[in-house]
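Structure record follows, encoded as structure tokens.
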């Protein structure tokens, strides 16, 4: 679903996980400047795909066509002369599967579209895990809807509301299982409206290029299974279980 504007500075392409969330995103978007590309399934791990075979994957082909970018131009570098969107926003669920989709897309961009990252075109939307409905408190304090990105933010909101005089049982907390559970208004407010959304810019530190390449190879390389296992055994205690 393309946008109407042709102004690169304003246009945004949202890569959305699944048809369900894609449908909500289409209704939530600003049709003038925001385009939606629903991803049907997970993008292939592109770390070791040869350039000539890249478009054999339908999802990768659709992303490149939507962007208007040839990942391997005449000099082997991505040709951004046909780029149609100033911002490419990865929008996936706030769970392990969503993080995996983010990783696969970042792998694709870092390996085959590095100029998009170098020129600050890539962003990651941060949809919330929790919705907090706060009741009205007299005529001067209408009902409010707050959002928490994670458990830490939820605890901070609860503490703040307690100081404002709200008993815990008066505050309703809902947990989103995914983008598809959000109605268009909630999705627009939390992930799409530039005035209220939260998105992370993706950037590479030039001095850390070798380190970044090493980490991507460890995580995404087919021949690195043993190294990945050792890495997970060493770092596994740092991960939070997704319950």
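Numbering (the numbering used here), first residue to last: 13 to 255.
Beta carbons: idealized from backbone N, C-alpha and C, even for Gly.
Out of 109, 77, 228, 107, point me to the one whose CA is closest to residue 94's CA.
77
What is the rounded straight-line gap between the Cα of residue 241 and the Cα of residue 141?
29 Å
Whose CA, out of 173, 218, 187, lies closest to the CA of residue 146?
173
Taking the C-alpha atoms as reference points, what is the distance between residue 243 and residue 231?
9 Å
Quick check: the Cα distance between residue 60 and residue 178, rounded to an integer number of angstroms?
54 Å
From this set, 175, 151, 21, 184, which residue's C-alpha is nearest residue 160's C-alpha?
184
Does the segment 211-228 come within contact of the segment 128-137, defined as at least 3 CB pairs closer than 8 Å?
yes
Shortest alpha-carbon distance to residue 19 belongs to which of 99, 246, 222, 247?
99
Residues near residue 13 in its chain [Cβ-Cβ closer than 7 Å; skip 5 each side]
38, 47, 48
Beta carbon of residue 122, beta carbon of residue 26: below 9 Å?
no
Rounded to whole angstroms, what's the CA-CA distance from residue 250 to residue 111? Just pull it up for me.
16 Å
Could you tell me how far apart the beta carbons of residue 192 and residue 36 are, in whole angstroms, since I believe they sit closer than 8 Å?
7 Å
Below 8 Å on the Cβ atoms is my contact criterion, and I expect residue 28 with residue 103 to pass it. Report the Cβ-Cβ distance as a whole number of Å.
5 Å
For residue 92, I'd like the list of residues in its chain whose CB is within less than 8 Å of its CB, leaving aside the five on either flank, ordered along the chain.
81, 127, 128, 131
Indicate the three-state DSSP secondary structure (helix, strand or coil) for residue 178 in the structure shown.
coil
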